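Participant: Chains as they are written, first to last, in our numbering: chain A, 32 to 487; chain B, 32 to 487. Quick one: the structure is below, and I'll ask about it shortly.
2 protein chains.
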Amino acid sequence: MRKFLLALPILFFCFIANAQNADSIFIKRIADEILLNSKAYEQLRYLTKQIGARLSGSQGMVKAEKWGLKMMQETGADKAWLQECMVPHWVRGGTDKASFIVHGNNQSNKLDVIALGNSIGTGSNGISAEIIQVNSFDELEKKKEQVKGKIVFYNYKFNPTFIRTFNAYSDAVKYRGQGPSQAAKYGAVGVIVRSMSHSTDNYPHTGTTTYDSLYKKIPAVAVGLKDADILSERINAGKVTVRMYTYGHFLPDTIGHNVIGELTGSQFPNEIITVGGHLDSWDPGEGAHDDGAGCVQAIEILRVMKALGYKPKRTIRFVFFANEENGGRGGDKYMSEGKAKSEKYIFALESDAGGFTPRGFGITSTDDAFTKIAKWKELLAPYGAGEINKGGGGSDINPLGKELGTTLAGLIPDSQRYFDVHHARNDVFENVNKRELELGAIAMAALIYLIDQYGL
Amino acid sequence: MRKFLLALPILFFCFIANAQNADSIFIKRIADEILLNSKAYEQLRYLTKQIGARLSGSQGMVKAEKWGLKMMQETGADKAWLQECMVPHWVRGGTDKASFIVHGNNQSNKLDVIALGNSIGTGSNGISAEIIQVNSFDELEKKKEQVKGKIVFYNYKFNPTFIRTFNAYSDAVKYRGQGPSQAAKYGAVGVIVRSMSHSTDNYPHTGTTTYDSLYKKIPAVAVGLKDADILSERINAGKVTVRMYTYGHFLPDTIGHNVIGELTGSQFPNEIITVGGHLDSWDPGEGAHDDGAGCVQAIEILRVMKALGYKPKRTIRFVFFANEENGGRGGDKYMSEGKAKSEKYIFALESDAGGFTPRGFGITSTDDAFTKIAKWKELLAPYGAGEINKGGGGSDINPLGKELGTTLAGLIPDSQRYFDVHHARNDVFENVNKRELELGAIAMAALIYLIDQYGL
């Protein structure tokens, strides 16, 4: 009996070792196919250069959805369709402008600004008011008596000491999100926020602001870091007046779509694996890293599976989500339609942290699922993606996790350059590196393959 | 007795745990200081924009050495000096040019070329000859009867399937290094090599070629990838003649210097730790990644030690090596002078793989030393530098390893973008990211600190 007991684990070990070896060989085939024949980079070139920015409701969105459906079909999805969802339709409405004048000196100094997404405009007469600088909400509280009738300038600095730059973003983004309403609460007439970036240039970075219905909506813009420093210096020296013009407003909600392609599972068609990014983007740049990269990486997984003749056991859905940037309606719709149909979403992976060289994945799951996925570390490490961390997903797939208990994963690319370009004019194709983009796709394809093979 | 035996390992474990914790805290202080106050990026700006390219023997080299010595002094080295060494003085001598004509069509088509380093020129009349394409040395052997009087075009492609791009370089660089002499052996009059790169642009990449004294020296240039593809297509379609003009030649050897700064050890001054990069660079770009980055990272370690009031136990030498690119004389000199003085070089670290986000270190050492260093993985991982691989060093420090048995380490940055810029016109400051450069310096400073604390 003892012999038998010993033999079992050995057999089991051999089985595991052989499976890992076969997986390692198949993942190498995925990697070679992508590095030799990937279409991701050229697809991204088309999406960014021929279509460009793709804010919800814009012509860019409409063109991108058509292109996306065509890509899903041409790349060989078993089925491809558009999933309709109503999206908010915020428009910039004009060219954002601002300048400042130092008291006692009539010289007008230009500020390079961009209105925050979903913010209201100043009207064509603009607004002009003295500016008051605060470095935090605490300081705002202390100065609340001085805020009335002024423009509040949140000069909170992106903290460079976080190694993962997304932590600096989490730390600072509240000034963009809640800053306008917090300032309005004390009677401010406008807001300027220091951009959420530690770039070395002066591009202003936009992104959604969220008005609190308790307070008046006031116009709000971001400034780049150099302008923020200049402004801060002038304010510290004396009274400064800012004049700003923005034209943002909402049109009625309009029709948008998630673009979905599917490879139907051969053994467990009811178990759905989702992989994607979001198709919409902010308007100043081309939405290259955010999130054209995630979309072309997702479709590259479809392409590589077809190229290698891989027939998935489970159903894999490749999704370009709508409206991540200023509403999240695409992700909500994808989840709610699945929920209504009682579909089984076992796993979802999103790439929405830039097309940079991969480091690994963040996983939101049960402990058992995490342990299972973490064991694949060694299969992913040769492609630079061996970090498996707890916690992760993506705005578009988070509703699946929350409502349906789906295991979520987010690709973790190296984050050092992300906030140089995030929501800014320089989020363009030229700032995406072909191999880095492809390595992200390899890591994603490998993980999807493993989930498809072994389930959860 | 049993209790005592149990207690010892526990005590030992606590000691180790506390030491690791103190190290982790100190390394966090290093990281914060660098991320908040680093001068590396602005020093690199000066070195690349105010001084520029720094080929051995050039005015750029002379200026850079002066700047380097000043930096060592200003940053607070206990001692700083120039270590003289004779360096080769190859000059490009003019503007490299080439064009090709397809047989039966007199239209001249421009090729963007750059002469290989240390190559001889064509003379002002240029050379004109039919071109013969080979994809490998094997193919050259097969076609050897057809080579006489022709220009050999080595069109060997940089293999994209290596994840670490340095492996693709090792695989392909023989065509640049030995290609000219191998072609001359069969009577070729000139050589064109496809650049060692998988970039998406057309910049030609230079680098040293090494003539075999058995064969005639013939002129040799590199072409960018787009031109290589066009040329290849035309050759496949019929007879093609190339005309090329290069002017490279050697002037007499001249005086160059290693720039050395030292913090003298407080406990073990005889144990020398070396950290550096090379100050010379190829001439088409600004030597930003190769290897301005390594130099400013090394001096940043000196700066952070002074800023934190850290007094090293061992002697640390910060070195900007001379002549890495086309001779290696600086590294040889540093070793031979140390050897002559019977100095004890316990450890040397080089950063010469670009100022990109760090991944870890490659180590050449005894097994014991490797085991010791590999245990620090967890201290380095929070800064993205947790990969500790066997094998590594750098051209400038390798003589120390070979001759004196010094433990060697090479910083391993992410390698995906390196061969986009390596030895090409686009190796400029703008292509270095501030945070990536700084993270490399953090990883290096952490490793130097650990070696200083614990020895080897």
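Ideal Cβ positions, reconstructed from N, Cα and C, are used throughout, including at glycine. Computed from a predicted structure; not experimentally measured.
Label Lys364/A either buried or exposed according to how many other C-beta atoms from any shown protein chain fall within 10 Å of its C-beta, with 16 as the threshold for buried.
Facilitator: Lys364/A should be labelled buried.
Participant: Along the chain, where does the alpha helix (DSSP H) that runs through Glu368/A open and close?
Facilitator: Where Glu368/A is concerned, the enclosing alpha helix (DSSP H) stretches over Arg360 to Ala371.
Participant: Mark Ser226/A as exposed unless 16 or more other C-beta atoms lie within 10 angstroms of its C-beta, in which case mark it buried.
Facilitator: Classification for Ser226/A: buried.
Participant: Look up Ala84/A in the DSSP assignment and say whether it is helix, strand or coil.
Facilitator: In the structure shown, Ala84/A sits in coil (DSSP, three-state: anything other than H, G, I, E or B).
Participant: Relative to the C-alpha of Asp63/A, which residue among Ala71/B, Val165/B, Pro191/B and Ile163/B is closest?
Facilitator: Closest by alpha carbon: Pro191/B.
Participant: Might you give, ordered along the chain, the residues of its own chain that have their beta carbon closer than 6 Å to the beta carbon of Ala476/A, omitting 5 neighbours on each side?
Facilitator: Only Ile61, Ile332 and Val335 meet the Cβ criterion.
Participant: Check each candidate in Ile482/B, Leu147/B, Arg448/B and Pro283/B and name the one with the smallest Cα separation from Lys406/B.
Facilitator: When each option's Cα is compared against that of Lys406/B, the closest is Ile482/B.
Participant: Let me make sure I understand the geometry here. Which of Gln484/A, Arg76/A, Phe131/A and Phe450/A has the alpha-carbon closest to that of Val204/A?
Facilitator: Nearest option by C-alpha distance: Phe450/A.
Participant: Drop a sphere of 10 angstroms on the beta-carbon of His134/B, count the other beta-carbons inside from all chains shown, and report buried for 16 or more, exposed for fewer.
Facilitator: The residue is exposed, with fewer than 16 neighbouring Cβ atoms inside 10 Å.
Participant: Can you tell me which residues form a DSSP beta bridge with Glu418/B?
Facilitator: Gly391/B.
Participant: Does DSSP put Asn457/B in a helix, a strand or coil?
Facilitator: Asn457/B falls in the coil class under three-state DSSP.
Participant: For Gly99/B and Ser426/A, what's the separation of their Cα atoms in angstroms?
Facilitator: Answer to the nearest angstrom: the Cα atoms are 48 Å apart.
Participant: I'd like the span of the alpha helix (DSSP H) that includes Val327/B, first residue to last.
Facilitator: Ala324 to Ala338 is the span of the alpha helix (DSSP H), which, as asked, contains Val327/B.
Participant: Consider the C-beta atom of Leu487/B and the heavy atoms of the ligand NAD; say whether any pair is separated by less than 7 Å.
Facilitator: With respect to small molecules bound, the structure shown includes none, and the ligand NAD cannot be examined in it.
Participant: Excluding the 5 residues preceding and the 5 following Tyr276/A in the sequence, name in chain order all residues of the same chain whose CB lies nearer than 6 Å to its CB.
Facilitator: These residues qualify, in order along the chain: Lys128, Thr153 and Gly157.
Participant: Does Asn186/A pass the burial test, meaning 16 or more other C-beta atoms within 10 Å, or should it be called exposed?
Facilitator: With 16 or more other Cβ atoms within 10 Å, it is buried.
Participant: Does any residue of chain B bring its CB to less than 8 Å from the CB of Asn464/A?
Facilitator: Yes, Asn464/A counts as interfacial toward chain B.
Participant: What are the residues of the segment 407-439 of chain B that lie near chain A, defined by any Cβ-Cβ distance shorter than 8 Å?
Facilitator: Taking 8 Å as the Cβ-Cβ cut-off against chain A, the residues of the segment 407-439 of chain B that qualify are Pro413, Tyr414 and Gly415.
Participant: Using a Cβ cut-off of 7 Å, pull out every chain A residue sitting near Pro191/B, in sequence order please.
Facilitator: Going along chain A in sequence order, the residues near Pro191/B (Cβ under 7 Å) are Leu66 and Leu67.
Participant: Would you say Asp445/B reaches chain A, if we count a Cβ-Cβ gap shorter than 8 Å as a contact?
Facilitator: Yes, because at least one Cβ of chain A sits closer than 8 Å to the Cβ of Asp445/B.
Participant: So, are the CB atoms of Leu147/B and Ala214/B less than 8 Å apart?
Facilitator: No, Cβ-Cβ distance for Leu147/B and Ala214/B is not below 8 Å.
Participant: Would you mind stating whether Ala219/B and Lys181/B have Cβ atoms separated by less than 8 Å?
Facilitator: In this structure, Lys181/B lies closer than 8 Å to Ala219/B by Cβ.
Participant: How long is the line joining the alpha carbons of Thr438/B and Ser263/A, rounded to whole angstroms?
Facilitator: Computed Cα separation, rounded: 50 Å.
Participant: Within 8 Å of any Cβ in chain B, is that where the Cβ of Ile332/A sits?
Facilitator: Closer than 8 Å: no.
Participant: Could you work out which residues of chain B lie near Leu78/A, taking near to mean beta carbons separated by less than 8 Å?
Facilitator: The contacting residues do not exist; Leu78/A stays about 16 Å from chain B at best.
Participant: Any C-beta of chain A within less than 9 Å: which residues of the segment 197-231 of chain B qualify?
Facilitator: Correct list: His229, Ser230 and Thr231.
Participant: At least one CB of chain A closer than 8 Å to the CB of Ala319/B: is that the case?
Facilitator: Cβ-Cβ to chain A under 8 Å: no for Ala319/B.
Participant: Please specify which runs of the alpha helix (DSSP H), each continuous and at least 4 residues long, are wholly inside the segment 173-212 of chain A, giving them in chain order.
Facilitator: Within the segment 173-212 of chain A, the complete alpha helix (DSSP H) runs of at least 4 residues are 196-203 and 205-208.
Participant: Looking at chain B, which residues of the segment 302-316 of chain A have a Cβ within less than 7 Å of any of its Cβ atoms?
Facilitator: Against chain B - using a Cβ distance shorter than 7 Å - the segment 302-316 of chain A contributes no residues.
Participant: Note down, one range per segment and in chain order, each beta strand (DSSP E) of at least 3 residues found wholly within the segment 214-239 of chain B.
Facilitator: Listed in chain order, they are 221-225.
Participant: In whole angstroms, what separates the C-alpha of Ile163/B from that of Ile266/B?
Facilitator: Cα-Cα distance, rounded: 8 Å.
Participant: Can you pull the chain A residues whose beta carbon is under 7 Å from the beta carbon of Asp399/B, in chain order?
Facilitator: Ordered by position in chain A, no residue passes the 7 Å Cβ test against Asp399/B, which lies about 25 Å from the chain.
Participant: Candidates Asp314/B, Tyr234/B, Phe378/B and Thr106/B: which alpha carbon is nearest Gly255/B's?
Facilitator: It is Tyr234/B.
Participant: Is it right to say Pro315/A is buried, meaning 16 or more other beta carbons lie within 10 angstroms of its own, or is it exposed?
Facilitator: It is buried - the Cβ of Pro315/A has at least 16 other Cβ atoms within 10 Å.
Participant: Could you list the residues in the segment 270-303 of chain B with a C-beta less than 9 Å from some C-beta on chain A, going in chain order?
Facilitator: Cβ contacts with chain A: none found.
Participant: Can you pull the chain B neighbours of Ile194/A, defined as C-beta to C-beta under 8 Å?
Facilitator: Ala62, Pro413, Tyr414, Gly415 and Leu470, listed in chain order.
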